[in-house]
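Below: the structure, in structure tokens.
There are 2 protein chains.
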Amino acid sequence: MSHWHDRRLLDLFRIETPILLAPMAGSGGSALAIAVAKAGGLGSIPCASISVEKATEEVAIFRGAVAAPLNLNFFAHQPKAPTDADHARWLSRLAPYFKEFAVDPAGLAAAGGRAPFDDAMCRMVEALKPEVVSFHFGLPAKDLLARVHATGAKIVGTATTVAEGRWLAERGVHAVIAQGNEAGGHRGNFLTDDMATQPGLFALVPQMADALPVPVIAAGAIADGRGLAAALTLGASAVQIGTAYLLSDESVSVPVHKAAVKQARDDNTAVTNVLTGRPARGVINRIMREIGPLSPDALPFPLAGGALAPMRAATEKQGHGDFQPLWSGQAGALAREGNAESITRHIAEQAAALQ
Amino acid sequence: MSHWHDRRLLDLFRIETPILLAPMAGSGGSALAIAVAKAGGLGSIPCASISVEKATEEVAIFRGAVAAPLNLNFFAHQPKAPTDADHARWLSRLAPYFKEFAVDPAGLAAAGGRAPFDDAMCRMVEALKPEVVSFHFGLPAKDLLARVHATGAKIVGTATTVAEGRWLAERGVHAVIAQGNEAGGHRGNFLTDDMATQPGLFALVPQMADALPVPVIAAGAIADGRGLAAALTLGASAVQIGTAYLLSDESVSVPVHKAAVKQARDDNTAVTNVLTGRPARGVINRIMREIGPLSPDALPFPLAGGALAPMRAATEKQGHGDFQPLWSGQAGALAREGNAESITRHIAEQAAALQ
Chain A
113 MSHWHDRRLL
123 DLFRIETPIL
133 LAPMAGSGGS
143 ALAIAVAKAG
153 GLGSIPCASI
163 SVEKATEEVA
173 IFRGAVAAPL
183 NLNFFAHQPK
193 APTDADHARW
203 LSRLAPYFKE
213 FAVDPAGLAA
223 AGGRAPFDDA
233 MCRMVEALKP
243 EVVSFHFGLP
253 AKDLLARVHA
263 TGAKIVGTAT
273 TVAEGRWLAE
283 RGVHAVIAQG
293 NEAGGHRGNF
303 LTDDMATQPG
313 LFALVPQMAD
323 ALPVPVIAAG
333 AIADGRGLAA
343 ALTLGASAVQ
353 IGTAYLLSDE
363 SVSVPVHKAA
373 VKQARDDNTA
383 VTNVLTGRPA
393 RGVINRIMRE
403 IGPLSPDALP
413 FPLAGGALAP
423 MRAATEKQGH
433 GDFQPLWSGQ
443 AGALAREGNA
453 ESITRHIAEQ
463 AAALQ
Chain B
113 MSHWHDRRLL
123 DLFRIETPIL
133 LAPMAGSGGS
143 ALAIAVAKAG
153 GLGSIPCASI
163 SVEKATEEVA
173 IFRGAVAAPL
183 NLNFFAHQPK
193 APTDADHARW
203 LSRLAPYFKE
213 FAVDPAGLAA
223 AGGRAPFDDA
233 MCRMVEALKP
243 EVVSFHFGLP
253 AKDLLARVHA
263 TGAKIVGTAT
273 TVAEGRWLAE
283 RGVHAVIAQG
293 NEAGGHRGNF
303 LTDDMATQPG
313 LFALVPQMAD
323 ALPVPVIAAG
333 AIADGRGLAA
343 ALTLGASAVQ
353 IGTAYLLSDE
363 SVSVPVHKAA
373 VKQARDDNTA
383 VTNVLTGRPA
393 RGVINRIMRE
403 IGPLSPDALP
413 FPLAGGALAP
423 MRAATEKQGH
433 GDFQPLWSGQ
443 AGALAREGNA
453 ESITRHIAEQ
463 AAALQ
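What follows is the structure, encoded as structure tokens:
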């Protein structure tokens, strides 16, 4: 594989192909990670919404299947405690749905999961020694980060602006993901909440590559060899791909999610906060259309989704994704079916031919 | 110049370098067009906000200076007549500024200029026979378009989504500009007003290239050879560049505009409708921050700017661009000073070396 001119990330991560699997909670697990690793890319396990036990199990499955480096991904958000007034405002915003679906809002369970990186997760990292640890929504506290560093793991952070990239580089990450506005799923923004100023990948990658002393990984709307080759030309050293794997054999996305990605167009996704409380890009559904895509009333992450659960359950059964995340980037239409190892190899070969 | 693999637009426009000068009212005229043409690209004259007489003069200057094809650009919007209530709402929204700047809103002049393509402009095209005619905001009425076709001019339209690209191709344009969300100035959108779903260039170009039977011109955040090479890799046959010329010797941008571009970052522009009534990307200024960037109260294009004129005049004199368009794409930070011919040659050479 001599066609990759920039070997910085290949050497850092000890991979053969400059493709990282985007960690996708609810869509990707060990099977997808194994497939991407077999093709020479970097597999990842999204650990933010599963237990330490489950994550440990996933890592064991990966280690048993392939001798390749692995990336564990965690969230590093600062949880905000909503006031009673915040709760009341959100429930009142959703009142028409509670009426339509005969839901008693008094009986709602809180939205669980999606905890920030903590001591227990850090102990897991110390025990399992993943080759790469990546964080979304900034970085964990200094002492936790130092402990991850001490394991020898390469540390990766996500930036949606050059300013965030500089912030991460100053704190010692080994590489920065430049997440363009096109990207599916949660935006990694942590220094700004302003969605009106988020740069697209075409603007972000060269400016980030010029500004940072560490290699840049491009993410957002990269779904084929054209995207990989173009990102490298813009100055990225590798790419992170998510949406393009959602229809693969190894994807564990629920059927309504896969159906939405099959209907994805360049212009039918939006960044919304009404599904989880943080901005994330997905295919537009009823709740995004009717009370979003961005609402000041949404409870803080990850709590906004809790109150949607009964409506989600009712509509998902009927084959509609009206009240749940249908995460997708703006290139969902380029996602292909098949096994993820072949998809990865095909993207790499197409890019190599274009270089 | 054998390093351009895709010669479709080079042959169509009879140019040597796959770079089109973006028509920029208020920033570019014959001098900039001549410079880009001398470097082998396609020069353009923005005709939408100048008189037929002035445009005719500009074309004569271009023809006298260089033997090269020329692109005349026009707007094709459907003007909307605001009601008295619309006027009252906009003036009421601006009332605090009228007070601060001691302006009597009764004495405001209507915002003029920016007329859609009409019979007089069409007669100019028939007389001057520009090699390329491009339209923003859709296309003019069938009979006018047929008259332009009959002159032998190659016709170019701008699309912000694949759907708009298909619409243009079905109506016989020879090429389509894929305007990514990163692009500076007015968005060309005409089938949708929804700014939340506008695709970034990385997503738009490959999907547009796959969908259209005509060549695609990429526009938005392309400011150096990396951008040109990456756009061609994604499937574009050429690029259109605007912001990267704003600091050139031939740019006629006012000083506050140039100063804003010098301060541009990846994350300090936004798409706003408060300056003209249509969504356009520029460096964030006071009026965008305080009542925008998008406001439902703005008068329809091009009328919103009229009421801002007194505040603009007062602040511009003090060296501030608080109430005027500071159009810039998301790669304004990559704009360089110098003559536009050298800038163009440099971009082309850098891209050729990266191919």
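As given, the protein sequences belong to chains A and B, one line each in that order. So the first sequence is residues 113 to 467, counted in this note's numbering. So the second sequence is residues 113 to 467, counted in this note's numbering. Even for Gly, the Cβ is constructed at its ideal location relative to N, Cα and C. Since the structure is predicted, the reported quantities are computational estimates derived from the model, not experimental observations.
Under the 8 Å criterion on CB atoms, E294 (chain B) is classed as interfacial with respect to chain A. Within the same chain, S161 and P414 come within 7 Å of G225 (chain A) by CB-CB distance, once the 5 residues on both sides are set aside. The three-state secondary structure of V178 (chain B), taken from DSSP, is coil.
For P208 (chain B), the secondary structure class from DSSP, reduced to helix, strand or coil, is helix. The residue from A:G389, A:V395, A:A350 and A:R390 with its alpha-carbon nearest to that of A371 (chain A) is A:V395. With respect to F187 (chain B), P228 (chain B) sits close: the two C-beta atoms are nearer than 8 Å. Straight across, the Cα-Cα distance linking A287 (chain A) with G269 (chain A) is about 7 Å. Considered as a whole, the stretch 315-401 of chain B harbours 337-346 and 367-374 as its complete alpha helix (DSSP H) runs of no fewer than 4 residues, in chain order. Using a CB distance below 7 Å, the part of the stretch 269-303 of chain A facing chain B consists of T273, V274, A275, G292, N293 and E294, ordered along the chain. Collapsing the DSSP output to three states places T263 (chain B) in coil. Within its own chain, the residues whose Cβ lies closer than 6 Å to the Cβ of V368 (chain B), once the five positions on either side in sequence are excluded, are E428 and G433, listed in chain order. Straight-line spacing of the CA atoms in E402 (chain B) and Q375 (chain B) works out to 20 Å.
R283 (chain B) sits exposed, since fewer than 16 C-beta atoms from the chains shown fall within 10 Å of its C-beta.
Across the structure, R259 (chain B) and L346 (chain A) are spaced so that their CA atoms are roughly 41 Å apart. Using a CB distance below 8 Å, the part of the stretch 442-464 of chain A facing chain B consists of Q442, A443, A445 and L446, ordered along the chain. One Cα belongs to L257 (chain B), the other to K241 (chain B), and the distance between them is close to 14 Å. Nearest Cα to R424 (chain A) within the set A:P135, A:F210, A:G152 and A:D379: A:F210. Non-local beta-carbon contacts of P217 (chain A) in its own chain, meaning distances under 6 Å to residues more than five positions away in sequence, involve L203 and F210 in chain order. The alpha-carbon separation between R120 (chain B) and V285 (chain B) amounts to approximately 14 Å. The CB of L346 (chain B) comes closer than 8 Å to the CB of R338, G339 and A342 in chain A, given here in chain order. Interface criterion not met: the Cβ of Q375 (chain A) is under 8 Å from no Cβ in chain B. Per DSSP, reduced to three states, the secondary structure at G450 (chain A) is strand. Within chain A, the residues T309 have their CB atoms less than 9 Å from the CB of N380 (chain B), given in chain order. Only those residues of the stretch 400-420 of chain B whose C-beta falls short of 7 Å from the nearest C-beta of chain A are listed: P405.
Under DSSP, the beta-bridge partners assigned to Q291 (chain A) are A:A331.
Taking each of A:A308, A:T195, A:V164 and A:A262 in turn and checking the Cα distance to A232 (chain A), the smallest one comes out for A:V164.
Of B:F125, B:P135 and B:P130, the smallest CA-CA separation from T355 (chain B) is found for B:P135.
When secondary structure is reduced to three states using DSSP, T270 (chain A) falls in the strand class. Per DSSP, I127 (chain A) lies in no alpha helix (DSSP H) and is assigned neither H nor E.
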